[in-house]
Amino acid sequence: MDQPLLQTSVEVWEYLLSQGGMDLKSYDSDILNEMRGKLNIPLLRGKNDFKQELILHKIDAEQLIIAFFSAVAPFSSMMSDLLVQFEKSGALRTTHNLKIKFDFDAKSTALEFDLEHFRSWQIQFIHALRPVYVYEVNPEVLFQLYSDLRRFLDVTGLDWNPHHQEVKRWISDYDSDSLPKYTIIFPSVGDEEFDRVFSSLYELWQQVWADCLFHNVTRTTGVQTGKDADDYKRCLQKLESDMWLRQFLLILEVLHSRSIPGTCDAGRLNVWWQDVVQFMTKLLGSITRTLRNKSVLTQELVSLLELPIWRKRYDLYAAWISTQIMVAMNDSSMTYIHENGTVTFSFSRNHLATSRKYEPTLELWAEVRTPLANPRGKSRQRGIQPDYSLLTEIADAERSTLLVVECKQYRRAGSKNFADALNDYARGRPNARVLIVNYGKGSSSIVSRVDHKFKSSVKVIHEMRPNSVTAIQEFQDYLKETITQACLERSFDATVSKANVQVNANPAPLPLRVTLTWGKQPKDLDLHLTIVTSKSTASPVNVDYRSKGSSSVFPWAVLNKDEQVGFGPEEIQVFQYLPGVYHFHVNNYSNMPSLIQSEAKITIYLNGHPPIEIPCPVAGDSELWEVFSYDSVKDQLRIYNRIKMK
48 MDQPLLQTSV EVWEYLLSQG GMDLKSYDSD ILNEMRGKLN IPLLRGKNDF
98 KQELILHKID AEQLIIAFFS AVAPFSSMMS DLLVQFEKSG ALRTTHNLKI
148 KFDFDAKSTA LEFDLEHFRS WQIQFIHALR PVYVYEVNPE VLFQLYSDLR
198 RFLDVTGLDW NPHHQEVKRW ISDYDSDSLP KYTIIFPSVG DEEFDRVFSS
248 LYELWQQVWA DCLFHNVTRT TGVQTGKDAD DYKRCLQKLE SDMWLRQFLL
298 ILEVLHSRSI PGTCDAGRLN VWWQDVVQFM TKLLGSITRT LRNKSVLTQE
348 LVSLLELPIW RKRYDLYAAW ISTQIMVAMN DSSMTYIHEN GTVTFSFSRN
398 HLATSRKYEP TLELWAEVRT PLANPRGKSR QRGIQPDYSL LTEIADAERS
448 TLLVVECKQY RRAGSKNFAD ALNDYARGRP NARVLIVNYG KGSSSIVSRV
498 DHKFKSSVKV IHEMRPNSVT AIQEFQDYLK ETITQACLER SFDATVSKAN
548 VQVNANPAPL PLRVTLTWGK QPKDLDLHLT IVTSKSTASP VNVDYRSKGS
598 SSVFPWAVLN KDEQVGFGPE EIQVFQYLPG VYHFHVNNYS NMPSLIQSEA
648 KITIYLNGHP PIEIPCPVAG DSELWEVFSY DSVKDQLRIY NRIKMK
């Protein structure tokens, strides 16, 4: 089909309504309001004709498309979080390419897709949602930008240990030879000038990251040569061969985290802001940038609206909330349950996941209906059916539910409707806490309208969406508190301490134990294990500070301690082999001093053999030490002992 000629903003808007299926009477009103905000078009009392307002405010086609992309950015973030859980489930639960099915609405056709399709859709979303400006990607200029910023920050005496947990997670995934498909959210620090300049640097990083994903460029793909080589792709390959994305993200994290009020006194912070803003502004002046081309924007808009997932975009929200529940439960072995290789999200009762980390065992169910006499809500005459129930016994769901989570996507929560829902769910699940999450805004007085006897067990969280850091933290804290009050952690999932190991005078030797020790500096070295299983479709499994593993369930490997004050030790114990290759490496997250000055040493205890000691190399230009691998199928140990070059 030929690409539509969308010359004006009115033509773009009509295309969104006709081909994009925009429903302004319900969910999509929020997208429209986000677009108004981006375009500085106020919402007036009475009837608003957006088409006429576009003409009145002289909005062109490019501006409207960019505003639309910005308004739908949360859907891309939801897809990123879902992809993380889908890939984890695919690695742990099935030998096939995992399939996912969205079947929330009996009136419309279900959408079924596999992981490869979902990855490609996510990459298309990311590519379309790139920043307004296109920066010139010149490897020499971008490396010089990194070097200049690094020298500036080194002079200030800052340490290089990331404070941002998502940055640590991103870098860990990157170091496992996988370019992450999720981005980082850096909130405003409260200084307009700093936020403006920092945003430009971050947009530059985002562009390179999105384009690397789109062109399938990683640091291991090599650099194209010859007359048929694509110039832009070759530039990206040069950047990635030297890990520019990783290194520049660390620069951004240091700039941002050291600029947040509270990290130093106000006087020093003001001086810091003035100096760093002037320096960043000067450096950005050396990089050419242009507005995105209208024909390219139009093509990306058409491609995005043609994605099958676009028609199911509002099913993403309820599915995304399930990922936040699983993150809050902090169980590395907890994944989506599949039936014949398919994970289903539907409007009927469905067992989604199980956590054996806790006593009693917890199960996450969707759409569990239980009876309720005389409900306040008309839609609950046949019983209550919350989106999610965290319970211990499905046969007695009414009494064994610990937590009910109901997902709403209203632009503004109606106090009476929400209060009625809280009352009905609290009465129908008398032993449970009840939590309503809403995508949009709402009144803080909703809980005050709930019956007095239920007020202490109900909660509403407004603006629960991917970019709402505060709301997400509030959500996770509430779930953790609920679980802690009702459950105990099983001992086999607890960290295996030295005291526990020494209780048995003659313990059976573990198949594999690896320890890391180092000197007083740097403060934070991290030991990582990546397991590449024999399943050709499975994603690698990581055991590290972020996902510490388990001794008695998958992956049968545990990180004992994440040491951040020097010396170590850190230790990874493998209790049972998976068929595949175990890769061990060490990262220097402090960055300063360098890894080669750390006096680090790895000791390997393998299958009852005498220990093998491997000292860190004393030469190399990187903060990544590739130590060894062990093939559990071939019983083959390979020692690399090299600083992996940038």
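Per this note's numbering, residue 48 is the first one in the sequence shown, and the count goes up by one each step.
Backbone N, C-alpha and C fix where the C-beta goes; we use that ideal spot for every residue, glycine too.
Only a predicted model underlies this, so the values are computations on that prediction, with no experimental measurement involved.
| Sorted by chain position, which residues of the same chain lie with C-beta nearer than 8 Å to residue 338's C-beta, five sequence neighbours on each side aside? | 109, 179, 180 and 181
| query | If residue 498 and residue 424 are in contact, beta carbons under 8 Å, what's the gap, nearest whole angstrom? | reply | That pair is no contact at about 14 Å.
| Exposed or buried, residue 617, counting other C-beta atoms within 10 Å across all chains shown (16 or more means buried)? | buried
| message | I'd like the span of the beta strand (DSSP E) that includes residue 428, first residue to last. | response | Going by DSSP, residue 428 is part of no beta strand (DSSP E) at all; its letter is neither H nor E.
| query | In whole angstroms, what is the alpha-carbon distance linking residue 57 and residue 604? | reply | 58 Å
| residue 577 versus residue 85: straight-line alpha-carbon distance, rounded | Distance between the alpha carbons of residue 577 and residue 85: 42 Å.
| Where in the segment 170-194 do unbroken runs of the beta strand (DSSP E), each at least 3 residues long, occur, reported from the N-terminal end onward? | 180-182
| task | Determine the direct distance from the alpha carbon of residue 526 to that of residue 684, and round the result to whole angstroms. | result | 43 Å
| Expressed to the nearest angstrom, what Euclidean distance is found between the alpha-carbon atoms of residue 476 and residue 168? | 38 Å
| How is the beta strand (DSSP E) around residue 676 delimited, first residue to last? | 671-678
| task | Spatial neighbours of residue 296 within its chain, please: CB distance less than 8 Å, with the 5 preceding and 5 following residues excluded, ordered by chain position. | result | 214, 217, 218, 231 and 252
| Are at least three pairs of beta-carbons, each pair with one atom in the segment 514-528 and one in the segment 364-381, less than 8 Å apart? | yes
| query | Buried or exposed: which applies to residue 183, given that a residue is buried once 16 or more other Cβ atoms fall within 10 Å of its Cβ? | reply | Residue 183 is exposed by the Cβ-count criterion.
| request: Could you say which of 235, 561 and 290 lies nearest to residue 189 if we only look at CA atoms? | output: 290
| query | Any chance the segment 623-630 sits against the segment 398-407, with 3 or more Cβ pairs inside 8 Å? | reply | no
| Count the other CB atoms within 10 Å of the CB of residue 436; is the residue buried (16 or more) or exposed (fewer)? | Classified as buried, residue 436 has 16 or more neighbouring CB atoms from the shown chains inside 10 Å of its CB.
| task | From the DSSP output, in three-state form, read off residue 147 for me. | result | Strand.
| task | Report back the beta-carbon spacing between residue 663 and residue 645 to the nearest angstrom; my notes put them in contact at under 8 Å. | result | 6 Å
| 8 Å Cβ cutoff met for residue 150 and residue 391 | yes
| said: Which of the three DSSP states is assigned to residue 343 in this structure? | reply: helix
| request: With a 10 Å radius around its C-beta and 16 neighbouring C-beta atoms as the bar for buried, classify residue 598 as buried or exposed. | output: buried
| query | Between the C-alpha atoms of residue 401 and residue 161, what's the straight-line distance to the nearest angstrom? | reply | 22 Å
| field | Straight-line Cα distance separating residue 647 from residue 120 | value | 43 Å
| request: Could you name the residues of the same chain whose beta carbon sits closer than 7 Å to that of residue 262, not counting the 5 residues immediately before and after it, in chain order? | output: 280 and 283
| message | Does residue 555 come out as helix, strand or coil in the three-state DSSP assignment? | response | Because residue 555 sits at a pLDDT of 46, beneath the cut-off of 50, its placement in the model cannot be relied upon, and the following sentence gives the value as read from the coordinates. Three-state result, residue 555: coil.
| field | Coarse secondary structure for residue 499, derived from DSSP in three states | value | helix
| query | Just to check, is the beta-carbon of residue 86 closer than 7 Å to a non-hydrogen atom of the ligand MG? | reply | Among the components of this structure there are no ligands whatsoever, and the ligand MG is therefore not found.
| said: Could you give the first and the last residue of the continuous alpha helix (DSSP H) run that contains residue 412? | reply: Premise fails: residue 412 lies in the beta strand (DSSP E), 409-413, not in any alpha helix (DSSP H).
| field | residue 527 - containing alpha helix (DSSP H), residue span | value | Where residue 527 is concerned, the enclosing alpha helix (DSSP H) stretches over 516-533.
| task | Find the nearest neighbour of residue 75 within the set 52, 62 and 118, judged by alpha-carbon distance. | result | 118
| query | Can you tell me where the alpha helix (DSSP H) with residue 210 in it begins and where it stops? | reply | That residue, residue 210, is in no alpha helix (DSSP H); it is neither H nor E in DSSP.
| field | Classification of residue 660 by the beta-carbon crowding that lies within 10 angstroms, buried from 16 upward | value | exposed
| Endpoints, alpha helix (DSSP H) assigned at residue 464 | 462-475
| field | Own chain partners of residue 493 with C-beta closer than 6 Å, once the 5 adjacent residues on each side are dropped | value | 462, 465, 466 and 507
| task | With distances taken Cα to Cα, identify the nearest neighbour of residue 535 among 564, 580, 570 and 403. | result | 403
| request: Starting from the N-terminal side, write out each stretch of the beta strand (DSSP E) that is 3 residues or longer and does not extend beyond the segment 372-410. | output: 389-393 and 397-402
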